[in-house]
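Trainee:
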Amino acid sequence: MTKSIKVNAEPTKDFFISMLTKDIDLKRSIIDLVDNCIDGARRIKPDSDYNGLRVNIIVTPDKFTISDNCGGIELDTATNYAFRFGRPSDAPSTLHSVGLFGVGMKRAIFKMGNEFTVESMAETSSFKLTQDIEKWKSEEDWLFEFSEHKEGLSVPTNETSTTISVESLHPSVAADFSEDEFCQSLGDAIGEAQARNLHKGLTISINDVKIEKIQLSMGISETVIPAVYNESLDVSGNEVKVRIMIGVANPNPNLAGWYIFCNDRLVVQAEQTDLTGWRSHGIPGFHNDYARFRGYLCFEADEPKSLPWNTTKTGLDWGAGCFRSIKPKMMNLMKQTTDFLKQLRREKEDDNANETPLQDGVDESNLRLKDVFEISEFKDLFTYPVSTAKSSRSTTRRIQYVRPIKEVQLVMEALEVDTLKEVGEETFNYFLERECCK
Amino acid sequence: MMQKQREDKIPSYEKINYALRPAKAVERKMLCDSFLRLSEFSHISDYQYIGFGSAYFSDFSLFHKRLGIDKMISIEHDDDQKERFEFNNPFNCIDIKYGEASKVLPSLNWDIRSIVWLDYDYSLSYSVLNDLYYLISNIPTGSMFLVSVNCTSASCRKNRVEVLQDKLKEYKNHIPPSTTSDQMAKWGTAATFRDVINNMIKHCIIDRNSCRPSGTHFLYSQIFNFHYKDGAPMLTVGGVFYDEGNKEQFEKCCFSNFDFYKDEEEDFLIEIPNLTFKELRELDAQLPSKELEEVELPGVKKEDISKYSKIYRHFPTFAETTF
Chain A
769 MTKSIKVNAE
779 PTKDFFISML
789 TKDIDLKRSI
799 IDLVDNCIDG
809 ARRIKPDSDY
819 NGLRVNIIVT
829 PDKFTISDNC
839 GGIELDTATN
849 YAFRFGRPSD
859 APSTLHSVGL
869 FGVGMKRAIF
879 KMGNEFTVES
889 MAETSSFKLT
899 QDIEKWKSEE
909 DWLFEFSEHK
919 EGLSVPTNET
929 STTISVESLH
939 PSVAADFSED
949 EFCQSLGDAI
959 GEAQARNLHK
969 GLTISINDVK
979 IEKIQLSMGI
989 SETVIPAVYN
999 ESLDVSGNEV
1009 KVRIMIGVAN
1019 PNPNLAGWYI
1029 FCNDRLVVQA
1039 EQTDLTGWRS
1049 HGIPGFHNDY
1059 ARFRGYLCFE
1069 ADEPKSLPWN
1079 TTKTGLDWGA
1089 GCFRSIKPKM
1099 MNLMKQTTDF
1109 LKQLRREKED
1119 DNANETPLQD
1129 GVDESNLRLK
1139 DVFEISEFKD
1149 LFTYPVSTAK
1159 SSRSTTRRIQ
1169 YVRPIKEVQL
1179 VMEALEVDTL
1189 KEVGEETFNY
1199 FLERECCK
Chain B
271 MMQKQREDKI
281 PSYEKINYAL
291 RPAKAVERKM
301 LCDSFLRLSE
311 FSHISDYQYI
321 GFGSAYFSDF
331 SLFHKRLGID
341 KMISIEHDDD
351 QKERFEFNNP
361 FNCIDIKYGE
371 ASKVLPSLNW
381 DIRSIVWLDY
391 DYSLSYSVLN
401 DLYYLISNIP
411 TGSMFLVSVN
421 CTSASCRKNR
431 VEVLQDKLKE
441 YKNHIPPSTT
451 SDQMAKWGTA
461 ATFRDVINNM
471 IKHCIIDRNS
481 CRPSGTHFLY
491 SQIFNFHYKD
501 GAPMLTVGGV
511 FYDEGNKEQF
521 EKCCFSNFDF
531 YKDEEEDFLI
541 EIPNLTFKEL
551 RELDAQLPSK
561 ELEEVELPGV
571 KKEDISKYSK
581 IYRHFPTFAE
591 TTF
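Printed below as a string of structure tokens:
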């Protein structure tokens, strides 16, 4: 009998850490940490009223700290799940969570530095865990150790907390953290990604500066009314609720496009390419005529694995079944809205128009801008007035061509005209009269 | 019945009186017969009919009178001539909606089982497939839809496939990869168009099914693949759209009983033999016949008798009248 030889296929920690941190940028990894705070908030506030809950981020060239009062991590969760790489299948899940793959916290820590501390005060237990990553790398096993822990506590929910800090920062991270510009753009990125949660009352601050809510706006007037569509999808036995809201707002080419949320987390914003249907199915490519366009696509699922986001939550898995199945509905609504904007432009171009019902419908004095999640007046179809502008189809065509200057001047003299436009028109008429008219 | 093409060609309704196109008339009556079978799903008068009525409304008249359908929508691209279309609207139940089909289709009420005939007088194009996209992404189960397109083969014998690819833009991958320019000669263009339309339908249905639990998946069964020629060669392809839960009803419709039932590539060619009234009456007296060989008429070619026997029940007779 041949003796069986086992082959070593264990990962090295070095490889593991470099793979984990390779495809995510620093800001995104910090937003992942905020996602964990929000999952905590969801657990303690199932009604989604996050008023009173805070996430404080302190960024200095020496140290990064994020702390929250969103429930803490119970000792049991910390021991068995929270520090595992990847979410064990038996891990208790937070319904509707944004923490999905069980990598966010570790990835962010590894991305930033070599030493970290996690301190938690949960309702019934507390712990502190400090780890030197270089030291951990040199060890055989994959374990971290608590430096303190207590059980059997009775802590009021509003006194629970979690603090994660990272020290001996990687030089490039320390350099980023020393710049005001970085903190500013981190704030912007968090403000966008967490826009929904800020609206639900959560306070997030960076170096004691509160991140302002951004408005995801949608306009309503007497005659121009946005549309909503709801559907419940079945993704391998799990329910995914989808909501599309579409309409117009004030023109801004940087804000126009599609916004896609997965469990309240904004993963795609102001999307203007064929991924969201532009330049396909008869819808034109994005250009400034569509600067008023706003589309919001929201996926919600108890089981976050069913959602179509990618692991860094920076985009969608565009081939995912639930996106494919909802896309025709997006296109239907988008067709209506882009058609309106096309007609609006035509109305503007029609100098003879006495009435401008379309422009009136979106005029600043009539169009009330609201946060899209606060609108209740939606209709099933995007609604807009009938255009009174002359026929949409032009009955004329423009002809353009290039000829040598000398020849053009000869023709100009022969025709006794002064402009190139006249040269074109007169030569055309000359031919038309002689060759084409009966 | 026809939608005007975007480019300002002279629309076919200005060139030809639809009522006098015999092959089309035969097709229309055959379709009407088959629509009746949909009553396995719902009573036929509960259906809505959506088509391109143009100024003649021939299909609308037939389907309203014969089937009792009174929810009718005619999509009319040519909004310059609203007055004319409104004037010619033959019944109070036809609602004319102006605009491109791709814009109108998404705005209709799709809670009602529907019969939709996208009857173009031009060739398969990007805009036809767009319309089809919006149709299939909306149409409810137990509905029937048809697409008619002009199938004149492109004159450039060498690169018909490339010409079609350019025309279809983002949908060009629906042309079967094995298609060659030579295959697209004569009726080959119609065959290729059917393949493209079929692939497009399948693709849209896969999207719609991607998050539906098993047992509720949408299905499409082709029923029609007509070829005919009143002037230009035309293709009409279509069938029934239903979900797995309606399979039994679909089977009860027994569409396969029809002589003109074609569920795959094979076509049903409608050919109109030139026969006199007297000849028609004489042939009618011998039809139907199990032995076509025995049907005879002095001086009339066997070939014409065979053509006539395929369509005699639906054969139109035209007569001059003074109103």
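Just so you know, the protein sequences line up as chains A and B, in that order. Under the working numbering, residues 769 to 1206 are what the first sequence spells out, in order. Under the working numbering, residues 271 to 593 are what the second sequence spells out, in order. Where a beta carbon is used, it is the ideal one built from N, C-alpha and C, also for glycine.
Measuring straight from C-alpha to C-alpha, what distance separates A:GLY920 and A:SER888?
Mentor: Rounded to whole angstroms, A:GLY920 to A:SER888 spans 14 Å at the Cα level.
Trainee: Beta-carbon of A:CYS1090 versus every beta-carbon of chain B: anything under 8 Å?
Mentor: Judged by the 8 Å Cβ criterion, A:CYS1090 is in contact with chain B.
Trainee: Per DSSP, what are the beta-bridge partners of A:HIS967 in this structure?
Mentor: The partner list for A:HIS967 (beta bridge, DSSP) is empty, contrary to what the question assumes.
Trainee: What residues in the stretch 481-500 of chain B have a beta carbon less than 8 Å from any beta carbon of chain A?
Mentor: Listed by position, the residues of the stretch 481-500 of chain B near chain A (Cβ gap below 8 Å) are CYS481, ARG482, PRO483.
Trainee: According to DSSP, is B:ARG482 part of a helix, a strand, or is it coil?
Mentor: In the structure shown, B:ARG482 sits in coil (DSSP, three-state: anything other than H, G, I, E or B).
Trainee: In angstroms with no decimal places, state the Cα-to-Cα distance between A:TYR1058 and A:ILE1143.
Mentor: Spanning the two alpha carbons is a distance of roughly 22 Å.
Trainee: So what does B:PRO265 bridge to, in DSSP terms?
Mentor: Because residue 265 of chain B is not part of the residues shown, which for chain B are 271 to 593, the question remains open.
Trainee: Taking 6 Å as the limit between beta carbons, can you name the residues of its chain near A:ILE825, skipping five residues before and five after?
Mentor: Once the five neighbours on either side are set aside, the close Cβ partners of A:ILE825 are ILE834, ILE974.
Trainee: Consider the Cβ of B:ARG354: report whether some Cβ of chain A lies at a distance smaller than 8 Å.
Mentor: No, B:ARG354 lies away from the interface with chain A (no Cβ there is under 8 Å from its Cβ).
Trainee: From B:SER304 to B:ASP389, what does the alpha carbon distance come to, in whole angstroms?
Mentor: Whole-angstrom Cα-Cα distance: 17 Å.
Trainee: Under 8 Å, Cβ to Cβ, is there at least one residue of chain A near B:TYR403?
Mentor: Answer yes: the Cβ-Cβ gap between B:TYR403 and chain A drops below 8 Å somewhere.
Trainee: Determine the chain B residues that contact A:ASP1107 at a beta-carbon separation under 7 Å, and present them in chain order.
Mentor: The answer, in chain order, is LYS373.
Trainee: Among the residues of its own chain, which have a CB less than 8 Å from the CB of B:ILE314, if the five just before and after it don't count?
Mentor: PHE305, LEU306, LEU308, LEU337, GLY338, ILE339, listed in sequence order.
Trainee: Only counting the same chain, and skipping five residues up and downstream in sequence, which positions put a Cβ closer than 8 Å to that of A:SER1160?
Mentor: In this predicted model, A:SER1160 has a pLDDT of only 49, less than 50, meaning its place in the structure is not dependable enough to derive any value.
Trainee: If you measure from the beta carbon of B:ARG291 to each beta carbon in chain A, is any gap under 8 Å?
Mentor: Cβ-Cβ to chain A under 8 Å: no for B:ARG291.
Trainee: Could you pull the DSSP bridge partners for B:ASP389 from this structure?
Mentor: The partner list for B:ASP389 (beta bridge, DSSP) reads B:SER418.
Trainee: With a threshold of 7 Å, establish whether the CB of A:SER933 neighbours any heavy atom of the ligand COA.
Mentor: Questions concerning the ligand COA fall outside what the structure shown contains, since it holds no ligand whatsoever.
Trainee: So which residues of chain B does A:LYS1103 contact, with C-beta pairs closer than 8 Å?
Mentor: Correct list: SER372, LYS373, PRO376, TYR404.
Trainee: Taking the alpha helix (DSSP H) that A:THR1195 falls in, what are its first and last residues?
Mentor: Start and end: 1188-1199.
Trainee: Using a 10 Å radius around the Cβ and a threshold of 16 neighbouring Cβ atoms, would you call A:ASP909 buried or exposed?
Mentor: The residue is exposed, with fewer than 16 neighbouring Cβ atoms inside 10 Å.
Trainee: Quick one: complete beta strand (DSSP E) runs, 3+ long, within the stretch 1058-1089 of chain A?
Mentor: Qualifying beta strand (DSSP E) stretches, in chain order: 1061-1069.
Trainee: Who are the neighbours of B:SER407 on chain A, taking C-beta pairs under 8 Å?
Mentor: Those within 8 Å of B:SER407 in chain A are PRO1096, LYS1097, MET1099, ASN1100.
Trainee: Measuring only between beta-carbons, confirm whether B:ASN443 sits less than 8 Å from chain A.
Mentor: For B:ASN443, the answer is no, since every Cβ of chain A falls outside 8 Å of its Cβ.
Trainee: Are the C-beta of A:VAL996 and some C-beta of chain B separated by less than 8 Å?
Mentor: Not an interface residue.
Trainee: If the criterion is Cβ atoms closer than 8 Å, does the pair A:ASN1120 and A:ASP1128 meet it?
Mentor: Cβ atoms of A:ASN1120 and A:ASP1128: not closer than 8 Å.
Trainee: With burial defined as no fewer than 16 other Cβ atoms inside 10 Å of the residue's Cβ, what is the status of A:PRO779: buried or exposed?
Mentor: Answer is exposed; the Cβ neighbour count stays below 16.
Trainee: List the DSSP bridge partners of A:PHE832.
Mentor: Paired residues: A:VAL827, A:VAL934.
Trainee: Per the DSSP calculation, A:SER929 is bridged to which residue(s)?
Mentor: Paired residue(s): A:MET889.
Trainee: What does A:ASP1002 pair with, by DSSP beta-bridge criteria?
Mentor: In the DSSP output, where bridge partners are listed per residue, A:ASP1002 has A:GLU1007.
Trainee: What are the residues that DSSP puts in a beta bridge with A:ARG822?
Mentor: The partner list for A:ARG822 (beta bridge, DSSP) reads A:THR971.
Trainee: Just the chain B side, please: which residues come within less than 7 Å of A:LEU1043 by C-beta, in chain order?
Mentor: Ordered by position in chain B, no residue passes the 7 Å Cβ test against A:LEU1043, which lies about 13 Å from the chain.
Trainee: Considering only C-alpha positions, which residue in the set A:GLN962, A:THR885, A:SER915, A:ILE785 is nearest to A:THR1082?
Mentor: Of A:GLN962, A:THR885, A:SER915, A:ILE785, the residue nearest in Cα terms is A:GLN962.
Trainee: Could you check whether B:ALA293 and B:ILE540 sit closer than 8 Å to each other, using their CB atoms as the reference points?
Mentor: Yes, the pair counts as a contact, with Cβ atoms nearer than the cut-off.
Trainee: Going along the chain, which unbroken runs of the alpha helix (DSSP H) with 4 or more residues stay wholly within the stretch 781-826 of chain A?
Mentor: Runs found: 781-790, 794-812.
Trainee: Report buried or exposed for B:THR546, applying the criterion of at least 16 other Cβ atoms within 10 angstroms of its Cβ.
Mentor: Exposed, since its Cβ has fewer than 16 Cβ neighbours within 10 Å.
Trainee: Report yes if the C-beta distance between A:THR789 and A:ARG875 is below 8 Å; otherwise report no.
Mentor: Yes, the Cβ-Cβ distance between A:THR789 and A:ARG875 is below 8 Å.
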